[in-house]
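Trainee: If you're matching them up, the sequences are chains A and B in order.
Using this note's numbering, you'd call the opening residue of the first sequence number 54 and step up by one each time.
Using this note's numbering, you'd call the opening residue of the second sequence number 3 and step up by one each time.
For every residue, glycine included, the Cβ atom is placed at its ideal position computed from N, Cα and C.
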Amino acid sequence: MPKWVDILLIPLINLALALFVSGLVVAYIGENPFEAVAILVKGAVGSPYGWGYTLYYTTNFIFTGLAVAVAFHARLFNIGGEGQAGLGGLGVALVLLALPWPHWSIALLAAMVGAMAFGAFWAAIPAYLLAKRGSHIVITTIMFNFIASALLVYLLVNVIKVQGSMSPETARFGVSLPNANDVLPWVGFPRSTPLNVTFLVSLVACFAVWALIWRTRLGYEIRAYGHSEPAALYAGISPVRIIMVTMLISGGLSGLMAINAVMGEAERLVLDPVQGAGFVGIAVALMGRSHPVGVFLAALLFGMLYQGGAELEFERPAITREMIVVIQALVILFTGALDNMVRAPVERFFVNMNKRAA
Amino acid sequence: MDLLGVLQILDSTVRMATPLLLACLAGLFSERAGIFDIGLEGKMLMAAFFAAAFAAFTGNVWIGLLAAIVASLSLSLLHGLASITFRGNQLISGVAINFLAAGVTVVIGQAWFDLGGRTPALEGAGRFQEVTLPFADTLAATPVLGPIYAELISGHSPLVYVALALVPLSWWVLFRTRFGLRLRAVGENPAAVDTAGVSVVALRFYAVGICGILCGIAGAYLATGLAAGFVKDMSAGRGFIALAALIFAKWRPWYALYACLLFGFLEAIGNRFQSIELLGVAVPSQFMQALPYILTVVILAGFVGKAVPPRAGGEPYVKER
């Protein structure tokens, strides 16, 4: 089977199936699916305002998608991005509230360290339990999502809330990241869009993950372990080390998502700062075939869906925001779970073609 | 706290434990047959919506229950299609089902009722009524035993008794029948079952189907027994707590009952008190909410007894050629 079929054709067929079924749902609730797509696309990329939000969401999903993708390379399913990103938000808030930061660039670097450290820490416990005690990583990371959520609620309500304030949120940070309007004034992003320099950080992260997985010894070991644990063991690769290191990187990437949402957008820690982005990362990584380029494209698609979906709900109130969750579910279903349904016939088709050609 | 207060908490424990128990037994059948199911949450949610919707349409809670079972069963078949027929990843399929239910229930709910994803409030025959067991009223005056019988044992919705009856029934089916033996074998060593001439695919589909029916009852109880109608995301992580209970119970029916009662008790306490004093330390309610998850992690880590899942769990069966 040619390579382009594997990395391009099959994901596109899967995506088309997911969108087709979504279209059926839209038609069922009595709206025109083609009109819906037109509104969605126009809302997402039809104006600098739309782009500002689309790329803001894209930034979130790049981080959480990369986090899931890195773990997939070691055949670890890190479903705990939601909790790791939440803890990352806590790290960001603690760092930014600890000192009066003189300049945003220094604050950004410090906050990144905080976000990665807290995110990695939250991934480290399930990783350790898998590596040393054999606990199933999917179950433990799910449990850690709930524990993280309870922990954040507790801290926000009882510990780090502003004294005397009713709402469970921290004080505003003293620094704010440059908005897209500051960086690229000639494009005309409105001030109100939350797009900020974190987008550039996410692009750097894409490149860094590519370099790590395909250009370093560690990346090779991660992939080797993912392909076959016995073979990796035979080659002298320590499973404990690979599981720990991979999950630390994965958790750190999830944590970085908080830079965008907590430092870049909200500028304070609020309840549920992650808003489901950790779960979108699963769909993004599956669609992107765990490759940074694919993750970027899939994140952009989901960014468009999130922003366009908001516009769609505004124009057509019958199509609620949850329609995006349906599309997300169908993408995960078709690209992840039902992949063989498409793959097997396509493979057969190309094998027959080759036979005939030969 | 007086006897009545204690009884009220225990009564609430039974109510809270019921959906957990049903979902937990559902997971038990599926996972014992080697199909991991993290989609219990989604199936319950879908069932809760359809139960409430059809009970609202027809005013008959039994039709609601039937609709719930059909809805949950179709998601189960989707899970079976993905993970048995097409040998996809069972965990990914489960994740997809959870999102599908979270989205579809609100999208369709908005289209049907236009109430922001809720269903109309159910009343009368649209809900499961409390069953008063014989002599509950006459015996209520008896000291101690009377209130226990009247308050705690009597006066629940029929599905509570169904859930409790399913515990011994599940045990009997899994450990005392030929079907149960085969079902457990297919979760441990499917190749052996295949060699014996029994269809692995059919057995796993049966297991997934039973799982769907039980999740359907669990969801129906949520929307038409515990509450009076559907609200968005009303399963609120119960599917995952049921999963936790299943691990806590080490995939055994009687232990599942104890685990669900324990987690139901934690929920009942958490609902009643904002924070509780324990040995002079104030325990925050968030800690009570997180406790089932923390306990599960501890159990999974094998610090307190080792939880070993069915050996072939999570792996699609490929016949050797």
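Relative to the alpha-carbon of L72 of chain A, which residue among A:K185, A:M165, A:A89 and A:R270 has its alpha-carbon at the smallest distance?
Mentor: If we check each option's Cα against that of L72 of chain A, A:A89 comes out closest.
Trainee: Hey, is I94 of chain B's beta-carbon within less than 7 Å of any beta-carbon in chain A?
Mentor: Cβ-Cβ to chain A under 7 Å: yes for I94 of chain B.
Trainee: Taking only beta-carbon positions, decide if Q10 of chain B is within less than 7 Å of chain A.
Mentor: No - not a single Cβ of chain A is within 7 Å of the one on Q10 of chain B.
Trainee: In three-state DSSP terms, what is E279 of chain B?
Mentor: Three-state DSSP puts E279 of chain B in a strand.
Trainee: Is DSSP giving P221 of chain A helix, strand or coil here?
Mentor: Coil, per DSSP.
Trainee: Just tell me which of B:R206, B:I110, B:E43 and B:L93 has its CA closest to the CA of V119 of chain B.
Mentor: Inspection of the sequence shows that residue 119 of chain B is occupied by Gly rather than by Val. G119 of chain B has its Cα closest to that of B:I110, out of B:R206, B:I110, B:E43 and B:L93.
Trainee: Look at G141 of chain A and G172 of chain A and say whether their C-beta atoms are less than 7 Å apart.
Mentor: Yes, Cβ-Cβ distance for G141 of chain A and G172 of chain A is below 7 Å.
Trainee: Is it right to say W104 of chain A is buried, meaning 16 or more other beta carbons lie within 10 angstroms of its own, or is it exposed?
Mentor: The residue in question, W104 of chain A, is buried, as its Cβ has 16 or more Cβ neighbours within 10 Å.
Trainee: For F199 of chain A versus F355 of chain A, is the C-beta spacing smaller than 7 Å?
Mentor: No.
Trainee: Would you say Y208 of chain B reaches chain A, if we count a Cβ-Cβ gap shorter than 7 Å as a contact?
Mentor: For Y208 of chain B, the answer is no, since every Cβ of chain A falls outside 7 Å of its Cβ.
Trainee: Which whole runs of the alpha helix (DSSP H) in the region 235-314 of chain B are 4 residues long or more, in chain order?
Mentor: You should have 240-250, 255-274 and 287-302.
Trainee: Return the chain-ordered list of same chain residues with a C-beta closer than 8 Å to the C-beta of A54 of chain B, the five sequence neighbours on each side being excluded.
Mentor: Contacts found: G66, T121, L124, A225, T226, G231 and F232.
Trainee: Can you give me the C-alpha to C-alpha distance between I99 of chain B and I195 of chain A, rounded to a whole angstrom?
Mentor: C-alpha separation (whole angstroms): 15 Å.
Trainee: Helix, strand or coil for V228 of chain A? Go by DSSP, reduced to three states.
Mentor: Three-state DSSP puts V228 of chain A in coil, outside helix and strand.
Trainee: Where I275 of chain A and T15 of chain B are concerned, what is the direct C-alpha to C-alpha distance, given to the nearest angstrom?
Mentor: Going from the Cα of I275 of chain A to the Cα of T15 of chain B covers about 46 Å.
Trainee: Scan the region 157-217 of chain B and note each continuous alpha helix (DSSP H) run of 4 residues or more that stays entirely inside, going in chain order.
Mentor: With a minimum length of 4 residues, the continuous alpha helix (DSSP H) runs that stay inside the region 157-217 of chain B are 160-178, 180-190 and 192-197.
Trainee: Taking only three categories from DSSP, how would you classify V133 of chain B?
Mentor: The answer is strand: DSSP assigns V133 of chain B an E or B state.
Trainee: Based on Cα-Cα distance, which residue from B:A209, B:I243 and B:E269 lies nearest to A258 of chain B?
Mentor: Nearest C-alpha to A258 of chain B: B:I243.
Trainee: Quick one: is S281 of chain A buried, meaning 16 or more other Cβ sit within 10 Å of its Cβ, or exposed?
Mentor: Label assigned to S281 of chain A: exposed.
Trainee: What are the residues in the region 226-251 of chain B lying within 9 Å of chain A by C-beta distance?
Mentor: Of all residues in the region 226-251 of chain B, K234, G239, F242, I243, L245, A246 and I249 have a Cβ within less than 9 Å of some Cβ in chain A.
Trainee: Report the residue from B:L23, B:V97, B:A193 and B:P160 whose alpha carbon sits nearest the alpha carbon of A35 of chain B.
Mentor: Of B:L23, B:V97, B:A193 and B:P160, the residue nearest in Cα terms is B:A193.
Trainee: Taking the alpha helix (DSSP H) that V416 of chain A falls in, what are its first and last residues?
Mentor: Coverage of chain A is limited to positions 54 through 411, which leaves residue 416 of chain A absent and any answer about it impossible.
Trainee: From B:I278, B:A261 and B:G221, pick the residue whose C-alpha is nearest to that of A57 of chain B; which is it?
Mentor: Minimum Cα distance to A57 of chain B is reached at B:G221.
Trainee: Using a C-beta to C-beta distance shorter than 9 Å, which residues of chain A count as neighbours of Y295 of chain B?
Mentor: Ordered by position in chain A, the residues that pass the 9 Å Cβ test against Y295 of chain B are I195, M196, F197, N198, F199, I200 and A203.
Trainee: So that I know if they touch, is there some Cβ in chain B lying closer than 7 Å to that of A382 of chain A?
Mentor: A382 of chain A counts as touching chain B.
Trainee: If we ignore side chains and look at the alpha-carbon of each, how far apart do I278 of chain B and V212 of chain A end up?
Mentor: Between I278 of chain B and V212 of chain A, the C-alpha separation is close to 18 Å.
Trainee: Would you say E375 of chain A faces chain B, with C-beta separation under 7 Å as the test?
Mentor: So yes, E375 of chain A belongs to the interface.
Trainee: For G83 of chain A, return the contacting residues in chain B, with the cut-off set at a CB-CB distance below 9 Å.
Mentor: Correct list: A113.
Trainee: Considering Cα atoms alone, identify which of B:V164, B:A103 and B:V169 is closest to A251 of chain B.
Mentor: The residue with the shortest Cα to Cα distance from A251 of chain B is B:V169.
Trainee: Contact defined as beta carbons within less than 8 Å: I believe N234 of chain A pairs with T112 of chain A. What is the distance between those atoms, to the nearest angstrom?
Mentor: At roughly 16 Å, the Cβ-Cβ gap does not stay under 8 Å, so N234 of chain A and T112 of chain A are not in contact.
Trainee: For the region 136-151 of chain B and the region 255-272 of chain B, state whether three or more C-beta atom pairs, one from each stretch, are separated by less than 8 Å.
Mentor: At 8 Å Cβ cutoff, the stretches do not touch.
Trainee: For N85 of chain A, which three-state DSSP category applies?
Mentor: It is coil, neither helix nor strand.
Trainee: Taking all protein chains shown into account, do 16 or more other C-beta atoms lie within 10 angstroms of the C-beta of G334 of chain A, making it buried, or fewer, making it exposed?
Mentor: Label assigned to G334 of chain A: buried.
Trainee: Would you say M357 of chain A faces chain B, with C-beta separation under 7 Å as the test?
Mentor: Chain B, which has no Cβ nearer than 7 Å to the Cβ of M357 of chain A, makes this no.
Trainee: Looking only at its own chain, which residues have a Cβ that is under 6 Å from the Cβ of T193 of chain A, when we skip the five neighbours before and after it?
Mentor: The residues are P179 and L182.
Trainee: How would you list, in chain order, the residues of chain A whose beta-carbon sits under 8 Å from the beta-carbon of P286 of chain B?
Mentor: Within chain A, the residues near P286 of chain B are Y207 and N211.
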